[in-house]
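Here is the structure we will look at, set down as structure tokens.
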Amino acid sequence: MSRPLQRMFTEVPPRYDLINTVVTWGLDRRWRRMAAEECLGNKPEKFLDLCCGTGDLALTVCRLGGGGVSVAGIDYSLPMLEIARAKSASWNEGRHISFIHGDAGSLPFPDASFNCVGISFAFRNLTYKNPLAGQHLAEVWRVLAAGGRYIIVETSQPGSRLIRRVFHYYLRWFVRNAGFWLSGSKGAYNYLAESAVGFYTAEEVRGMLLEAGFREVRYRPFLFGAAGIHIAVK
Ligand SMILES: C[S@@+](CC[C@H](N)C(=O)[O-])C[C@H]1O[C@@H](n2cnc3c(N)ncnc32)[C@H](O)[C@@H]1O
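Residue numbering for the sequence shown follows the working numbering, starting at 4 and increasing by one per position.
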């Protein structure tokens, strides 16, 4: 394991879910559920949770989709995947889900394998100041079937300058410190706070998706634009 970001994501898993709940006041679960509902919008037979972490988006899609959807999750952090697999066993969803160790830059799936790819709170990792951003987008494009959808739930930038300043202050003060206290990893929550402060606007993400070849790109903001869902079609 050579990359600092990958090393960081092996340090945080034990308290990862708890920290998400604390720093978002539980809203992350609601936003992932809304993303899962959006992922099921075109009734996919095959769904991929890209950078699945501890598996919540994959598990929610599986649960809401009943037996009709076959779900895979992929992540390059083995400790995250261990938690996802344990949850899957305890939620008794194992029959419809597989959690796979792999890299978003070279997905181990043939072309056109999925009708929908979803990603929750990891698009930023794959694109923000990431020299492999283009490759990450091209891989999603490749594994999606024609007409398939890419659903992204991610932090964003509130439109109001005042709310944006409050949001950035919250990230730099509360999220950074609470994340550090609860996880013991200073690097991980410094990165989270700074990447969210600097991350692209919804309009810039739209531009990236269009440039990668996606069409019908739409955006649904939440909480004054602090986060939202991007929807793009191949
Ligand atoms: C902030 S977490 C989000 C996890 C989960 N999707 C969620 O909603 O909580 C980012 C995840 O992306 C994974 N990740 C980042 N870059 C990756 C890459 N290039 N390939 C595979 N996984 C990656 C990390 O290991 C981590 O589990």
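Beta carbons: idealized from backbone N, C-alpha and C, even for Gly.
In chain order, what are the residue ranges of uninterrupted alpha helix (DSSP H) at least 4 long that sit wholly in the stretch 174-228?
For the stretch 174-228, whole alpha helix (DSSP H) runs of length 4 or above, ordered along the chain, are 179-186, 189-201 and 205-214.
Which one of Ala-125, Leu-226 and Cys-42 has the shortest CA to CA distance from Leu-62?
Considering only alpha carbons, the answer is Cys-42.
Cα-Cα, which of Asn-193, Leu-174 and Ala-230 is closest to Phe-12?
Closest by alpha carbon: Asn-193.
Residue range of the alpha helix (DSSP H) that Phe-12 falls in?
7-14 is the extent of the alpha helix (DSSP H) around Phe-12.
Do Thr-158 and Ala-75 come within 8 Å of each other at the CB atom, strictly closer than that value?
Cβ atoms of Ala-75 and Thr-158: not closer than 8 Å.
Using C-beta distances below 7 Å, list every residue in its chain close to Arg-167, excluding the 5 sequence neighbours before and after it, in chain order.
Non-local beta-carbon contacts of Arg-167 in its own chain, meaning distances under 7 Å to residues more than five positions away in sequence, involve Gln-160 and Pro-161 in chain order.
Ligand 1 site residues, beta-carbon cut 5 Å against heavy atoms:
Here the list is Phe-12, Cys-54, Gly-56, Asp-78, Tyr-79, Ser-80, Met-83, Asp-106, Ala-107, Ser-123, Phe-124, Ala-125 and Asn-128.
Neighbour-count burial assignment, Asp-114, 16 or more Cβ in a 10 Å radius:
By the neighbour-count rule (16 or more Cβ atoms within 10 Å), Asp-114 is not buried but exposed.
Measure the CB-CB distance between Arg-152 and Ile-77 and report whether it falls below 8 Å.
It is not a contact, given that the beta carbons lie outside the stated cut-off.
Residues sharing a beta bridge with Phe-126, DSSP
As far as DSSP is concerned, Phe-126 takes part in no beta bridge.
So what does DSSP say about Cys-55, is it helix, strand or coil?
Correct three-state label for Cys-55: coil.
Length of the line joining the Cα atoms of Pro-111 and Ala-87
The alpha-carbon atoms of Pro-111 and Ala-87 are separated by roughly 19 Å.
Would you check if the distance between the CB atom of Glu-14 and the CB atom of Ala-181 is smaller than 8 Å?
Between Glu-14 and Ala-181, the C-beta gap is not smaller than 8 Å, which leaves the two residues out of contact.
Based on Cα-Cα distance, which residue from Asp-52, Pro-224, Gly-228 and Leu-212 lies nearest to Lys-237?
Distances from the CA of Lys-237 to each of Asp-52, Pro-224, Gly-228 and Leu-212 were compared; the closest alpha carbon is that of Leu-212.
N- and C-terminal bounds of the beta strand (DSSP E) containing Glu-157
For Glu-157, the enclosing beta strand (DSSP E) stretches over residues 147-158.
Count the other CB atoms, across all protein chains shown, that sit within 10 Å of the CB of Ala-89; report buried if there are 16 or more and exposed otherwise.
Exposed, since its Cβ has fewer than 16 Cβ neighbours within 10 Å.
Select from Gly-44, Arg-6 and Glu-197 the residue whose C-alpha is nearest the C-alpha of Gly-108.
Comparing Cα positions, the closest option is Arg-6.
Is it buried or exposed for His-104, if we count other Cβ within 10 angstroms and need 16 for buried?
A residue is called buried when at least 16 other Cβ atoms come within 10 angstroms of its Cβ; His-104 does not meet this threshold and is exposed.
Around the Cβ of Gly-216, are there at least 16 other Cβ atoms within 10 angstroms (buried) or fewer (exposed)?
Exposed, because fewer than 16 other Cβ atoms sit within 10 Å of the Cβ of Gly-216.
CB Val-72 to CB Ser-123, shorter than 8 Å?
Cβ atoms of Val-72 and Ser-123: not closer than 8 Å.
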